[in-house]
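Input: a single structure, listed below in structure tokens.
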Amino acid sequence: MKLSTKFVVAAAVLTAFIVFGVIASAALRERRMIVQEVERRGVMLAEVLAMASVNALLSHDYSTLKRFLETVARDKDVAYAMVLDPSGVIKMHTDLGEIGRRADDPVSRRAASAEAVLVQPIPWIKGGRVYDVAVPVMAAGRSVGLLRLGLSTRSMEASLHRSWIEVALIGLVALAGGIAGAVVMARRISRPLGALVEATRAVSRGDLTWRARVTSRDEVGELASAFGAMTESLRIHIETLVRTERLALMGRLAAGIAHEVRNPLEAIKGATQVIAANDAAQETIAKFTRIIRDEVAELDRFLEGFLDFARPAPLDLEPVAVNDVAEEVLGLIGPLLATQRVTAARAFRERLPLVSADGRQIKQVLINLCLNAVQAMPGGGVLTVATREAPAGARRGVELLVRDTGPGVTAALREQIFEPFITTKAGGTGLGLAVSRGIVERHGGSISVESEEGKGAAFSVWLPATPSSSPPGGERAG
Amino acid sequence: MTVRQTPKIALGALAALLLGLAAHWSFPSEPRAAEPAAPVSVLRFGHPAIEDPAVTLGKYHRLLEAMSEAVGVPVTLVQSRTYAEIVRAFEEGQIDVGILNAFSYVEMGQRARLVPLARRVRAGRDTYQSYIVVRQDGEITSYDSLRGKIFAFPDPRSTTGYLIPRLMIRRHRLEPERDFARVIFVGKHDSTALAVANGTADAGAVASYIFEELEPAIQSKLRVLDRSEPIPFGPVVARSGLGAPLLAELRVFFLSLDKTENGQALLREARLSGFTAASDEHYAPIRALVRRFRGAAE
Numbered sequence: 001m002k003l004s005t006k007f008v009v010a011a012a013v014l015t016a017f018i019v020f021g022v023i024a025s026a027a028l029r030e031r032r033m034i035v036q037e038v039e040r041r042g043v044m045l046a047e048v049l050a051m052a053s054v055n056a057l058l059s060h061d062y063s064t065l066k067r068f069l070e071t072v073a074r075d076k077d078v079a080y081a082m083v084l085d086p087s088g089v090i091k092m093h094t095d096l097g098e099i100g101r102r103a104d105d106p107v108s109r110r111a112a113s114a115e116a117v118l119v120q121p122i123p124w125i126k127g128g129r130v131y132d133v134a135v136p137v138m139a140a141g142r143s144v145g146l147l148r149l150g151l152s153t154r155s156m157e158a159s160l161h162r163s164w165i166e167v168a169l170i171g172l173v174a175l176a177g178g179i180a181g182a183v184v185m186a187r188r189i190s191r192p193l194g195a196l197v198e199a200t201r202a203v204s205r206g207d208l209t210w211r212a213r214v215t216s217r218d219e220v221g222e223l224a225s226a227f228g229a230m231t232e233s234l235r236i237h238i239e240t241l242v243r244t245e246r247l248a249l250m251g252r253l254a255a256g257i258a259h260e261v262r263n264p265l266e267a268i269k270g271a272t273q274v275i276a277a278n279d280a281a282q283e284t285i286a287k288f289t290r291i292i293r294d295e296v297a298e299l300d301r302f303l304e305g306f307l308d309f310a311r312p313a314p315l316d317l318e319p320v321a322v323n324d325v326a327e328e329v330l331g332l333i334g335p336l337l338a339t340q341r342v343t344a345a346r347a348f349r350e351r352l353p354l355v356s357a358d359g360r361q362i363k364q365v366l367i368n369l370c371l372n373a374v375q376a377m378p379g380g381g382v383l384t385v386a387t388r389e390a391p392a393g394a395r396r397g398v399e400l401l402v403r404d405t406g407p408g409v410t411a412a413l414r415e416q417i418f419e420p421f422i423t424t425k426a427g428g429t430g431l432g433l434a435v436s437r438g439i440v441e442r443h444g445g446s447i448s449v450e451s452e453e454g455k456g457a458a459f460s461v462w463l464p465a466t467p468s469s470s471p472p473g474g475e476r477a478g
Numbered sequence: 479m480t481v482r483q484t485p486k487i488a489l490g491a492l493a494a495l496l497l498g499l500a501a502h503w504s505f506p507s508e509p510r511a512a513e514p515a516a517p518v519s520v521l522r523f524g525h526p527a528i529e530d531p532a533v534t535l536g537k538y539h540r541l542l543e544a545m546s547e548a549v550g551v552p553v554t555l556v557q558s559r560t561y562a563e564i565v566r567a568f569e570e571g572q573i574d575v576g577i578l579n580a581f582s583y584v585e586m587g588q589r590a591r592l593v594p595l596a597r598r599v600r601a602g603r604d605t606y607q608s609y610i611v612v613r614q615d616g617e618i619t620s621y622d623s624l625r626g627k628i629f630a631f632p633d634p635r636s637t638t639g640y641l642i643p644r645l646m647i648r649r650h651r652l653e654p655e656r657d658f659a660r661v662i663f664v665g666k667h668d669s670t671a672l673a674v675a676n677g678t679a680d681a682g683a684v685a686s687y688i689f690e691e692l693e694p695a696i697q698s699k700l701r702v703l704d705r706s707e708p709i710p711f712g713p714v715v716a717r718s719g720l721g722a723p724l725l726a727e728l729r730v731f732f733l734s735l736d737k738t739e740n741g742q743a744l745l746r747e748a749r750l751s752g753f754t755a756a757s758d759e760h761y762a763p764i765r766a767l768v769r770r771f772r773g774a775a776e
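Chains A and B, in that order, give the protein sequences.
For the first sequence, counting from 1, position 414 maps to 414 in my numbering; every step adds exactly one.
For the second sequence, counting from 1, position 76 maps to 554 in my numbering; every step adds exactly one.
So this is what it looks like as structure tokens:
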């Protein structure tokens, strides 16, 4: 769940809790108020009525009594009114059918035994609560009867229900307002966070110049500025690192070049000294001249390789079938394999997608890898060349695998094996794998090595497929 | 919201009660001598306490407004609490015109110089009856079982509420003072019916038309034990001192009420079907009954 959603839900729940708490407490208070109000009105009405009824009751003027009760019962809150004699017989009642009956239900018994005003709820009347208010009818200091009023809370409750609807509407508005406010707050919090997330993504993509535009002056703002400071210092560190690395590389290059150039030059220097000696025999001169020529050729060959590395040839891209390239390379090195007692094994997957590549350069990469493999197996072995389709993330591509059965590559060496002038071979320039990596990376591919010491090494080249490359199941690419 | 209207309702109820009390107690007590043929500034219309005064007011107030228009003099309704009160008010000249029951008319009509103007007609009849009522679920099924019971009369000067039922009871050889546990005077016919219904009394005497107008819920609690002979309704009377022209105007007003649509509407409100001509002779039978009653009593 998103942070903003959590915040909104929490705010909504809290608002609902508060709103309904207020409504509930208001409802409780209103209920108490209703009861008090009904009691107050009931007692007042009943006392007035009891006072007015004394004469009518004493003179048996029941029609007057009847009119009194009917008048009071016109009030919609009065459920009933009755006058009883001291023995409990209903002398007059707004429900005329009750006249002459003896009231002996529990409420009536309690009302009859009351010495003063008595208010009690009547449990058995449906549709709104009714409170029975009983007041003794007093004449000359003694009770000559009992006046009872039934006060219904129905109409008060009805108007209360209307006000509850208003309260509920207000509550809903408050709830909606609370949620809207929470949404706004959540946005204000989550938007800078979103910008920060975007910034971290940019950093992970390698873009260290991206800055989260967060101006809020809270913790998120602090976080954003700290994050900006962190990426800035990271950028400076990386630049320093790159510069240092580049300097080291240049040093290594210079040392490598010096090393490679010095030996032929020493040889040439020695040879010229021999030739320059006056007593040199014709035969000797011829021999050392040949040495000079060979050494110059060696220098030439080295410089050519170095130039390949330092100034790579431009790519001439075309759809290339990797299996064809591999087959061609194996054909080229076939005679060499035979002399080195190396057996070639092919594991080509069919129907590979075409790759977009400079075929000549890819061929050179494969030749380099194969020659390295053969040289890694001086006592003979098996050279395996395999191809397969291998997606890298969402991109289709083809993997080319060259495996030998030689001694393998040590872990320390694996880390820098693709750097220039790193070699284990006696006559190697240390440029082959560096050049190969340059070529593969310029194709948008990657090169890597896996090895276990004593169990050989496997070099893997991955090249992206052409965008229009036929899908699997299409024509055979080999 | 509800809180605010409370005192209003309570005050309304209080006001209604006080109004009821006012109607009840509004009898003027200031005595006034009758002055023959003096110009009349207001006509005071008297009505005996047959039923609840508010009911009577409802029945008559529009009819009295029409009467005021007809004779060109304001009319006020004066209701008594007892028959004795209205009789005294007529005697003392505190009432100019009004309805009197037959018993009171034959007792004091001539003495107070009252002129009968018209007789009431209800449901097409100019007579009514006295009912002796008991509780529907009670144990009284005959005059004999009235012995030892409580009997309610409206008023000792009522015709169908006292004179007639006393004679009916006597016909069965019962005397209230001797044979009944107690006799109570309730004041009004409808209260008498209610007193029987609510158990205050075991039996009572009620004018037939008052009984018929009772709510079904009350009527159903009662049973009519006996009905009297038809008795003429009491007359509308006026002080002879009002003068012949005004008396004639009043007589014409009452007798012509059922001739117009408006008049019929007013009559319907009063639960009457009309008024018919009245003279002293119409009450000769009642006079005879009174003599019989008095004779036996002494």
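Think of the CB as a built atom: it goes at the ideal place given N, C-alpha and C, for glycine as much as any other residue.
Computed from a predicted structure; not experimentally measured.
Please check the pair A/Leu151 and A/Val130, which I expect to be a contact at CB under 8 Å, by giving their CB distance rounded to whole angstroms.
7 Å
Handout entry: CA-to-CA distance, A/Cys370 to A/Val398, given in whole angstroms
Key = 18 Å
- Task: From the DSSP output, read off the bridge partner residues of A/Ser4.
- Result: Beta-bridge pairing links A/Ser4 to no other residue.
query = Of all the options A/Thr240, A/Pro407, A/Gly177, which has the alpha carbon lying nearest to the alpha carbon of A/Val13?
reply = A/Gly177
May I ask you to list, following chain order, the residues of the stretch 657-679 of chain B that have a beta carbon less than 7 Å from some beta carbon of chain A?
Ile662, Val664, Gly665, Lys666, Asp668, Ser669, Leu672, Ala673, Ala675, Asn676, Gly677, Thr678
Going by DSSP, name the residue or residues bridged to A/Glu419.
The partner list for A/Glu419 (beta bridge, DSSP) is empty, contrary to what the question assumes.
Cβ neighbour criterion (16 or more within 10 Å) applied to A/Leu57: buried
> Hey, is the stretch 434-449 of chain A in contact with the stretch 407-418 of chain A, meaning 3+ C-beta pairs nearer than 8 Å?
Replying inline: yes
**OP:** Could you tell me if B/Glu585 is buried or exposed, where buried requires 16 or more neighbouring beta carbons within 10 angstroms of its beta carbon?
**Re:** buried
Item to complete: Quickly, what does DSSP pair B/Asp736 with across the bridge? List them, please.
Response: Its beta-bridge partners do not exist; DSSP assigns none.
Point to revise | 8 Å Cβ cutoff, A/Asp132 in contact with chain B | key: no
| Considering only the beta carbon of each residue, do B/Leu724 and B/Val593 sit closer than 8 Å? | no
Taking DSSP as the reference, what is the three-state secondary structure of B/Ser546? helix
- Where B/Pro531 and B/Tyr606 are concerned, what is the direct C-alpha to C-alpha distance, given to the nearest angstrom? 21 Å
Our contact map puts B/Ile577 next to B/His667 with C-beta atoms below 8 Å; I'd like the distance itself, whole angstroms only. B/Ile577 to B/His667, Cβ: 14 Å. No contact.
Listing by chain order, which chain A residues have their CB less than 8 Å from the CB of B/Asp530? Ser63, Thr64, Lys66, Arg67
Residue-chain proximity (B/Leu499, chain A), Cβ-Cβ < 8 Å:
Unreliable placement is indicated for B/Leu499, whose pLDDT of 44 sits below 50; the coordinate value is still reported in the next sentence. Closer than 8 Å to some Cβ of chain A, the Cβ of B/Leu499 qualifies, so yes.
- Message: Does A/Pro464 pass the burial test, meaning 16 or more other C-beta atoms within 10 Å, or should it be called exposed?
- Response: buried
Against chain A: residues of the stretch 686-720 of chain B by CB proximity under 7 Å
Glu693, Ala695, Ile696, Lys699
Please report the straight-line C-alpha distance between A/Gly334 and A/Gly379, rounded to a whole angstrom. 17 Å
| field | A/Pro121 in three-state terms, based on DSSP | value | strand
Host alpha helix (DSSP H) of A/Gln282 (start-end): 282-310
Review point. Anyone know if the C-beta pair for B/Gly639 and B/Ala601 falls short of 8 Å?
Key: no
- Task: For A/Met92, return the contacting residues in chain B, with the cut-off set at a CB-CB distance below 9 Å.
- Result: Leu672, Asn676
_Out of B/Val768, B/Ala590, B/Glu690, B/Ile573, which one is the CA nearest neighbour of B/Val611?_
B/Glu690
**Asked** Is it true that the CB of A/Ile189 sits closer than 8 Å to the CB of A/Phe7?
**Response** yes
Run through the DSSP bridge pairs and tell me what A/Val329 is partnered with. Its beta-bridge partners do not exist; DSSP assigns none.
Practice problem: Decide if the stretch 383-392 of chain A is in contact with the stretch 401-416 of chain A; the criterion is three or more beta carbon pairs, one per stretch, under 8 Å apart. | Solution: yes
| Where B/Leu767 and B/Ala685 are concerned, what is the direct C-alpha to C-alpha distance, given to the nearest angstrom? | 17 Å
Buried versus exposed, by CB contacts within 10 Å (16 or more), B/Pro514:
At B/Pro514, the pLDDT of 48 sits below 50, so the modelled position is not reliable; the number obtained from the coordinates is stated separately. So B/Pro514 ends up on the exposed side.
_Environment of B/Gly773 [buried if 16+ CB atoms lie within 10 Å]_ = exposed
| request: Count the other CB atoms, across all protein chains shown, that sit within 10 Å of the CB of A/Asn323; report buried if there are 16 or more and exposed otherwise. | output: buried
Q. Going along chain B, which residues have a C-beta under 7 Å from A/Ser59?
A. Gly665
- Message: Just to confirm my understanding: we take A/Val38, look at its own chain, exclude 5 residues before and 5 after, and list those with CB closer than 6 Å. What are they?
- Response: Tyr131, Leu151, Thr153
Check: I think A/Ile292 touches A/Ala313, with their Cβ atoms under 8 Å apart; what is that distance to the nearest whole Å?
Finding: Wrong, their Cβ atoms sit about 30 Å apart, outside the cutoff.
Query - Cβ of A/Ile99 within 8 Å of any chain B Cβ - result: yes
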